[in-house]
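Below is one structure, written out as structure tokens; the observations come after it.
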């Protein structure tokens with residue numbers, strides 16, 4: 001919660017807990033072992049909300065069972081604005097035996113009568129607070145008294161009143177701006193799922209008006225864990241329902257809001273530990289953690305690299321279930337990986353691992369908007385043959401981001417074939433502009449994911465093991481050598497790379513730059529402007545930031561460095577061309593791009609733009 005890498009203006013976070021510290025038992029037991037509850041309602045992550053979350057977490061007791069399915073259902077009911085309460089206080093929930101006042105808790109009911117009891121706790125206890133004494137009787141051969149109340153696996157009564165509106169939760173989600181919002185559940189666990197003996201009825205209730213259609217298939221979902229019968233098959237199918245995963249576009253919604261709610265799962269502790277160094281040393285097809293092309297929310301393969309988990313290689317069934325529950329599916333992974341929560345799985349063994357998992361999940365649920373074509377296409381004049389134009393056109397686009405507080409308009413530019421006077425895809429079979437004037441979303445340009453997809457980001461390594469930035473950035477900026485390290489224009493160009501940012505001595509031109517983190521953004525790292533403690537060693541641990549400013553206010557210019565003019569059978573042509581595209585973007589950069597491949601050769605960032 002202290003991380004400054006989370007935008008307080010665009011992110012709302014709440015916190016839940018399992019098992020619930022309901023304090024319904026006077027004496028030994030304060031965590032009930034069978035339910036989850038909402039402790040802090042979701043709200044914008046300002047200073048007050050951060051403090052509320054930190055205070056709540058500091059007061060948690062993490063023990064007495066891992067009721068994964070029940071806790072997951074409770075937070076889903078809150079997100080959906082539904083409920084888990086039955087409204088009845090007549091259920092046999094506890095039984096205290098006469099011999100030593102130890103108690104058993106009900107696991108499964110038939111009507112209001114308990115048909116399956118837990119073992120005896122280590123008590124002793126007096127009276128379960130909030131429950132009323134019922135009749136006397138016998139459980140597992142022991143005489144004692146039943147105590148009646150709400151089903152013990154429901155956490156609605158234990159959740160804060162700030163989350164409720166009568167007998168229902170008050171949903172934190174907006175249905176009016178659903179296209180501009182991202183939604184997700186971040187499930188943090190360290191143990192084997194248990195204490196969820198009959199989760200389907202409460203899942204059906206949490207799904208409200210569509211709950212009667214929810215059921216768990218006999219196959220094709222998560223298997224039982226090491227402690228069988230504790231709801232993991234139901235968890236897998238419930239995650240699909242929260243994502244509103246339907247058999248077809250016309251099929252009924254699977255959750256009452258008809259929204260996609262992703263689930264990320266973070267496992268910590270020995271069960272979930274993955275030795276990254278040892279894993280990376282294995283052959284690629286034997287690695288659990290794979291660096292693969294990112295598949296965005298529109299199902300498009302991009303050139304951005306992200307970590308994906310091959311859950312099928314995890315031997316422990318509980319860790320494998322957690323991985324598949326949250327893990328993202330990918331065409332390059334086995335088909336039995338992911339497909340449930342799709343918010344990502346993360347193995348966390350340190351505080352920084354947890355921080356990075358939260359940041360990555362927030363980026364994962366952030367909505368993506370279709371790019372909007374702007375202006376008219378650019379069809380450059382051929383410098384080697386002024387009598388004709390190039391057979392290619394370049395079209396710019398920008399992506400609106402109304403949900404974010406930043407003012408940058410990001411965009412892209414792509415290259416298209418010209419055929420019969422119109423722009424086409426590379427095969428010349430699909431027109432970019434439809435007869436209605438709309439942009440054809442099925443048309444792909446000649447550059448995969450446009451020029452943005454071709455930007456070389458991240459770090460490379462020389463033969464002498466010296467690291468360097470893949471992207472080439474030049475600037476006319478100069479930083480004073482003494483505090484407060486003011487910036488001013490220079491008459492020479494300087495290269496921005498890891499040497500100038502993290503080096504020492506004469507090469508460290510930008511090590512003390514007040515805007516150093518902006519340079520790291522341009523080199524491809526998603527680091528907030530105020531972040532501290534960034535070093536060359538931990539730089540690769542930050543998420544990738546691949547973005548280009550909109551090109552709508554710049555007309556690309558074709559620069560031809562060389563080429564050979566040919567004349568064959570009365571036709572003038574050119575070969576062996578070396579062409580580049582020059583254009584500016586609203587990011588404040590001047591870009592030089594290889595006109596054939598779309599790869600950015602270098603970019604110039606003027607000091608006044610910084």
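In full-length UniProt numbering, the protein residues as written are 1 to 610. Beta carbons: idealized from backbone N, C-alpha and C, even for Gly.
Shown here, residue 192 sits in coil according to DSSP, grouped into three states, outside any helix or strand. Rounded to whole angstroms, the separation of the alpha carbons of residue 223 and residue 278 is 28 Å. According to the DSSP assignment, residue 74 belongs to no beta strand (DSSP E) but to the alpha helix (DSSP H) extending over 68-80. The three-state secondary structure of residue 573, taken from DSSP, is strand.
In the displayed model, residue 150 falls within coil according to three-state DSSP, outside both helix and strand. Contact check between the segment 135-148 and the segment 84-104: three or more CB pairs, one atom from each, fall below 8 Å, which counts as touching. For residue 445 and residue 503, the gap between their C-alpha atoms comes out near 40 Å. Put simply, the segment 31-38 touches the segment 59-76. At least three CB pairs are less than 8 Å apart. The beta strand (DSSP E) runs of length 3 or more contained entirely in the segment 428-493 are, from start to end of the chain, 459-461, 467-469 and 473-479. Going by DSSP, residue 364 is part of the alpha helix (DSSP H) stretching over 351-365. Annotation: the continuous alpha helix (DSSP H) that includes residue 325 extends over 317-326. Taking each of 17, 196 and 157 in turn and checking the Cα distance to residue 106, the smallest one comes out for 196. In terms of CA proximity to residue 605, 489 leads the group 555, 489 and 300.
Judged by pairs of C-beta atoms under 8 Å, the segment 335-355 touches the segment 265-279, as three or more such pairs exist.
Taking each of 379, 516, 462 and 116 in turn and checking the Cα distance to residue 392, the smallest one comes out for 379. Going by DSSP, residue 42 is part of no alpha helix (DSSP H) but of the beta strand (DSSP E) stretching over 36-44. Assignment of residue 290 by DSSP, reduced to helix, strand and coil, places it in the strand class.
Checking the DSSP bridge columns, you'll see residue 3 has no partner listed. Between residue 210 and residue 172, the C-beta gap is not smaller than 8 Å, which leaves the two residues out of contact. Contact check for residue 423 against residue 395 passes: the beta carbons are separated by less than 8 Å.
Under the three-state reduction of DSSP, residue 410 is assigned to strand. Under the DSSP definition of a beta bridge, residue 234 lacks any partner. Membership of residue 91 in the beta strand (DSSP E) is indicated by the continuous run 91-97. Note: residue 311 is not bridge-paired with any residue in the DSSP secondary-structure output.
Annotated three-state conformation of residue 252 is coil, per DSSP.
Here residue 81 has 169 and 171 as same chain residues with Cβ atoms under 6 Å from its own Cβ, once five neighbours each way along the sequence are excluded. Residues of the same chain with a CB within less than 8 Å of the CB of residue 461, apart from the 5 flanking positions on each side, are 467 and 468 in chain order.
DSSP lists 106 as the bridge partner or partners of residue 117. Across the structure, residue 52 and residue 509 are spaced so that their CA atoms are roughly 42 Å apart. With contacts defined as CB atoms closer than 8 Å, residue 337 and residue 266 fail to qualify as a contacting pair. Residue 42 and residue 16 have their alpha carbons spaced roughly 10 Å apart. Residue burial is scored here from C-beta neighbours: residue 342 has at least 16 other C-beta atoms within 10 angstroms and is therefore classed as buried. Exclusion of the five residues before and after residue 137 leaves 95, 143, 144, 145 and 146 as the residues of its chain whose Cβ lies within less than 8 Å of its Cβ. By the Cβ test, the segment 537-547 is in contact with the segment 354-368, since at least three Cβ pairs between them sit closer than 8 Å. In the three-state reduction of the DSSP assignment, residue 158 falls in the coil class. Scanning the segment 536-604 from its first residue to its last, the whole beta strand (DSSP E) runs of 3-plus residues come out as 557-568, 571-584 and 590-594.
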